Amino acid sequence: MARIEPDSIVAREADLGADETVLEEFRADRTTYWRQHLVLAAVLGVAAGLLLMWQGNPYPVAGPLGAILAIGARAAYLASEALSDRWRLTKTRLIGPGGRILPLSSIQTVRPILGAVQVITRSGDKHLIKYLADPDAVADRIARARS
């Protein structure tokens with residue numbers, strides 16, 4: 194399987210402060226990652242098959258097969274990058290991959306969305322913590338830390 198090497202500029206994680214400790218760490222869940230891609234392949238496969246049938250194609254099975262192969266190849270290629278994302282929660286900040294730093298005081302909304310958690314800041318920036326095994330618990334934990 195392909196391994197995507199992180200960019201040396203963007204991939205740098207933010208350092209913790211001298212007196213800062215990690216309260217909790219949120220990582221992508223491999224099972225959730227593959228389950229979401231399986232659902233995506235199934236939905237797109239059905240749509241592709243129906244489109245080919247509507248067009249009168251004598252081989253509508255090519256649509257679902259192509260969708261499964263394309264989504265599967267994409268998922269396999271991007272798995273190493275997507276599953277390496279790590280978000281850390283401290284008493285004052287939420288620290289994400291690529292040097293993203295969100296002061297807890299700047300977080301306006303935290304909500305679970307289909308296996309992920311969307312974090313919206315007061316300035317309107319949106320961040321997505323993806324492929325979580327329990328997005329409700331993660332959203333609740335961030336909301337409690339913010340309070």
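So the sequence shown is numbered by our numbering: it starts at 194 and just counts up by one.
Beta carbons are placed, not taken as given, at the ideal position from N, Cα and C, and that holds for glycine.
Just so you know, these numbers come straight off a predicted model, no measurement behind them.
Looking at the unbroken beta strand (DSSP E) that takes in residue i, where does it start and where does it end?
{"i": "residue 218", "result": "217-220"}
If you run the structure through DSSP and keep just helix, strand and coil, what is residue i?
{"i": "residue 186", "result": "With the chain running from 194 to 340 in the structure shown, residue 186 is simply not present."}
{"i": "residue 214", "result": "coil"}
{"i": "residue 233", "result": "helix"}
{"i": "residue 209", "result": "coil"}
Who are the near neighbours of residue i in its chain, counting only those whose CB is closer than 6 Å to its CB and skipping five residues on each side?
{"i": "residue 237", "result": "260"}
{"i": "residue 299", "result": "314, 315"}
{"i": "residue 213", "result": "283"}
{"i": "residue 268", "result": "230"}
For the alpha helix (DSSP H) containing residue i, name the first residue and the last one.
{"i": "residue 329", "result": "328-339"}
In chain order, what residues of the same chain lie with their CB nearer than 7 Å to the CB of residue i, ignoring the 5 residues before and after it?
{"i": "residue 216", "result": "282, 283, 284, 338"}
{"i": "residue 321", "result": "309, 311"}
{"i": "residue 222", "result": "324, 325, 326"}
Looking only at its own chain, which residues have a Cβ that is under 8 Å from the Cβ of residue i, when we skip the five neighbours before and after it?
{"i": "residue 329", "result": "305"}
Residue ranges of each alpha helix (DSSP H) within the segment 245-324, 4 or longer
255-275
Check whether the segment 301-309 touches the segment 325-339, counting contact only when three or more Cβ pairs, one atom from each stretch, lie closer than 8 Å.
yes
Within the chosen definition, does the segment 288-296 reach the segment 220-238 through at least 3 CB pairs nearer than 8 Å?
no
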